[in-house]
Amino acid sequence: MSAPETPVSGGRYGLALTVLAAIGLAIASYLLTARVLGEAPACGPVKGCETVAASEYATVAGLPVALFGVVFSLVLVGACLVWWRRADRRALYLAYGLGLAGIIAVVYLTYLELFVIEAICVWCVSYAITIVAGWVVVAVAAWSTSD
Amino acid sequence: MAAARRRSPILLITAIVGGIGVIVLGALIVLQGSGTATDATGLVTPAAKTPVTLADGRAIGKADAPVTLEVWTDFQCPVCGQFARTVEPALIGTYVTPGTLRIVHHDAAFQGAKSSSPYDESIEAAAGGRCAADQAGYWPFQDWVFANQDGENKGAFAAPRLTSLASAAGLDVTAWKACVATGTQQTAAQNETDQAVAAGVGATPTMHLNGQTIVGLRSVTELGALIDAAAAAAASGG
Chain A
1 MSAPETPVSG GRYGLALTVL AAIGLAIASY LLTARVLGEA PACGPVKGCE TVAASEYATV
61 AGLPVALFGV VFSLVLVGAC LVWWRRADRR ALYLAYGLGL AGIIAVVYLT YLELFVIEAI
121 CVWCVSYAIT IVAGWVVVAV AAWSTSD
Chain B
1 MAAARRRSPI LLITAIVGGI GVIVLGALIV LQGSGTATDA TGLVTPAAKT PVTLADGRAI
61 GKADAPVTLE VWTDFQCPVC GQFARTVEPA LIGTYVTPGT LRIVHHDAAF QGAKSSSPYD
121 ESIEAAAGGR CAADQAGYWP FQDWVFANQD GENKGAFAAP RLTSLASAAG LDVTAWKACV
181 ATGTQQTAAQ NETDQAVAAG VGATPTMHLN GQTIVGLRSV TELGALIDAA AAAAASGG
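Chains as they are written, first to last, in the working numbering: chain A, 1 to 147; chain B, 1 to 238.
In structure tokens, the structure reads:
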């Protein structure tokens with residue numbers, strides 16, 4: 001077996017992906033920490049993250065939504081790292097599938113913010129942007145690199 | 001390379017994840033808001049109805065209870081709703097009924113001020129609560145109002161719906177409407193809100209437990225421990 005003829009490393013795509021996923025992980029971790037260690041939910045005079053955090057949609061089955069974000073981002077960072085450093089294309093496909101599922105999730109959560117809770121949390125929007133941007137990079141990487 | 005691309009599972013992944021995602025997303029949006037019992041008028045029936053034997057205006061519990069929990073609340077505040085629907089019934093069952101605790105509600109009805117509408121849903125609901133208290137019906141009224149929160153400043157507590165809630169709570173609606181129409185209780189609710197803000201209440205629910213300030217939603221376990229400690233301190237003369 002000879003070495004592959006085409007580049008297999010994630011290269012710059014892998015770096016960009018890993019950085020985006022890591023930013024997402026940092027945001028989700030911050031939101032989870034704020035949820036667990038921060039002040040108790042209350043209705044303050046301003047709308048925004050407090051309103052979103054105070055809503056019934058901030059938890060799913062009793063667990064903070066941010067916890068799902070942290071777990072999701074951990075897996076995503078792992079997949080991006082594996083593709084970037086080890087050029088395992090299965091990791092790229094995993095990141096692609098995760099990213100797509102993530103986009104659907106953040107679309108739903110953003111819909112809740114805009115039309116149900118009627119408050120926008122900048123941290124949630126930033127997280128959504130990292131998910132969408134990361135998926136675009138994965139898609140470009142998947143189509144522009146080969147096995 | 002073309003052959004490799006044809007073998008790429010990208011399209012398959014897109015179809016599977018996208019398909020499942022769209023189905024789940026659609027189901028979530030369709031199911032949203034369902035799952036609660038509504039009566040013939042479309043109102044949500046309170047899951048727990050406050051026992052009214054110890055009700056005393058906007059307070060509940062024996063006047064000589066060793067522990068007093070004062071709660072500054074806003075009928076439009078979703079966290080106050082969570083508190084009223086989930087925490088308060090447990091506190092009433094465990095501490096108010098045996099005579100350990102007295103809960104006193106105060107208005108901190110400032111969520112309506114976020115709206116540009118001249119009809120302030122927080123103040124109007126608070127006034128409705130005060131008028132309900134005039135006929136010893138505050139607690140059933142608050143049960144119904146908190147069970148029927150539906151966003152802030154979106155008409156959940158518009159006058160016709162508040163009237164429906166007063167009726168559902170078993171109030172004398174004619175007397176209640178006459179009370180609300182005077183505007184006196186709106187002024188009283190606004191005054192109490194202003195006093196609360198001046199005293200440092202910046203969010204709801206804010207509680208005073210025998211003088212100890214607690215801001216925001218707390219669990220039954222956490223509040224129970226504080227009530228036990230306050231009762232023990234009161235018993236020892238502390």
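We treat Cβ as the ideally placed atom computed from N, Cα and C, and that holds for glycine.
I need the straight-line Cα distance from residue 196(B) to residue 74(B), nearest angstrom please.
Going by the C-alpha atoms only, they are around 12 Å apart.
Can you name, in chain order, every residue of its own chain whose Cβ lies under 7 Å from the Cβ of residue 131(A), other than the five neighbours on each side?
Contacts found: 24, 99, 102, 103, 106.
Less than 8 Å between the beta carbons of residue 136(B) and residue 55(B), yes or no?
The answer is yes: Cβ separation under 8 Å.
Take the Cβ of residue 143(A) as the centre, count every other Cβ of all protein chains shown within 10 Å, and call the residue buried at 16 or more, exposed below.
Per the 10 Å Cβ criterion, exposed.
Quick one: residues in its chain with C-beta nearer than 7 Å to the C-beta of residue 137(A), no 5 flanking neighbours on either side, listed in chain order?
Around residue 137(A): 13, 16, 17, 20.
Whether or not the segment 169-182 of chain B and the segment 66-85 of chain B are in contact is what I'm after, with contact meaning three or more pairs of Cβ atoms, one per stretch, closer than 8 Å; do they touch?
With a cut-off of 8 Å, the segment 169-182 of chain B and the segment 66-85 of chain B do not count as touching, because too few Cβ pairs lie within range.
Compare the C-beta of residue 95(A) against all C-beta atoms of chain B and say whether one is closer than 8 Å.
So, not an interface residue.
Between which two residues does the beta strand (DSSP E) containing residue 87(B) stretch?
Premise fails: residue 87(B) is in no beta strand (DSSP E) and is neither H nor E.
Can the beta-carbon of residue 77(A) be found closer than 8 Å to that of residue 91(A)?
For residue 77(A) and residue 91(A), no; Cβs fall outside 8 Å.
Can you give me the Cβ contacts of residue 127(A) inside the same chain, cut-off strictly under 8 Å, excluding the 5 residues immediately before and after it?
The answer, listed in chain order, is 24, 27, 28, 31, 69, 106.
Please confirm if residue 63(A) has its CB atom under 8 Å from at least one CB of chain B.
Judged by the 8 Å Cβ criterion, residue 63(A) is not in contact with chain B.
With 8 Å set as the bound, which would you pick, yes or no: does the beta-carbon of residue 100(A) sit closer than that to a beta-carbon of chain B?
It does: the Cβ of residue 100(A) has a partner Cβ on chain B nearer than 8 Å.
Can you list, in chain order, the residues of the segment 62-88 of chain B whose Cβ is nearer than 7 Å to any Cβ on chain A?
Cβ contacts with chain A: 74, 77, 78, 79, 80.
Please give me, in chain order, every unbroken run of the alpha helix (DSSP H) with length at least 4 that falls completely inside the segment 89-143 of chain B.
DSSP runs (the alpha helix (DSSP H)) wholly in the segment 89-143 of chain B: 121-134.
Below 8 Å on the Cβ atoms is my guess for residue 206(B) versus residue 215(B); work out the distance and round it to an integer in Å.
Yes, residue 206(B) and residue 215(B) are in contact; Cβ-Cβ is about 5 Å, under 8 Å.
Nearest to residue 102(B) by CA position, among 123(B), 122(B), 70(B), 181(B), is which residue?
The shortest C-alpha separation from residue 102(B) is found at 70(B).
Helix, strand or coil for residue 46(B)? Go by DSSP, reduced to three states.
Residue 46(B) falls in the coil class under three-state DSSP.
Given that a residue counts as buried once 16 or more other Cβ atoms are within 10 Å of its Cβ, and exposed if not, what is residue 130(B)?
Residue 130(B) should be labelled buried.
With which residues is residue 53(B) paired in a DSSP beta bridge?
Beta-bridge pairing links residue 53(B) to no other residue.
Residue 43(A) to residue 98(B), Cα distance in whole Å?
The alpha-carbon atoms of residue 43(A) and residue 98(B) are separated by roughly 31 Å.
Within a Cβ cutoff of 6 Å, which residues of the same chain sit near residue 57(A), ignoring the five residues on either side of it in sequence?
For residue 57(A), where only same-chain residues beyond five positions count, the Cβ hits under 6 Å are 112.
Please list the partners that residue 124(A) has in chain B, where partner means a Cβ-to-Cβ separation under 8 Å.
Ordered by position in chain B, no residue passes the 8 Å Cβ test against residue 124(A), which lies about 17 Å from the chain.
Check whether the Cβ atoms of residue 24(B) and residue 227(B) sit closer than 8 Å, and answer yes or no.
No, the pair does not count as a contact, with Cβ atoms beyond the cut-off.
Per DSSP, what kind of secondary structure is residue 201(B) in: helix, strand or coil?
The answer is coil: DSSP assigns residue 201(B) none of H, G, I, E or B.
From residue 64(B) to residue 234(B), what distance separates their C-alpha atoms?
Spanning the two alpha carbons is a distance of roughly 12 Å.
Taking Cβ to Cβ, would you say residue 232(B) is nearer than 8 Å to residue 210(B)?
It is not a contact, given that the beta carbons lie outside the stated cut-off.
Hey, does residue 264(B) have any beta-carbon neighbour from chain A nearer than 8 Å?
Within the shown structure, residues of chain B are numbered from 1 to 238, placing residue 264(B) beyond reach of any answer.
Under the three-state reduction of DSSP, which class applies to residue 121(A): helix, strand or coil?
Here residue 121(A) sits in coil by DSSP.
Throw me the rounded Cβ distance for the residue 14(B) and residue 108(B) pair, which I believe falls under 8 Å.
Not confirmed; about 50 Å, so no contact.
Just curious, the beta strand (DSSP E) that residue 73(B) is in, first and last residue?
67-73 is the extent of the beta strand (DSSP E) around residue 73(B).
Put residue 61(A) into one of helix, strand or coil per three-state DSSP.
Reduced to three states, the DSSP call for residue 61(A) is coil.
May I ask you to list the residues that DSSP assigns as paired with residue 206(B)?
DSSP, once it has assigned bridges, lists 72(B), 215(B) as partnering residue 206(B).
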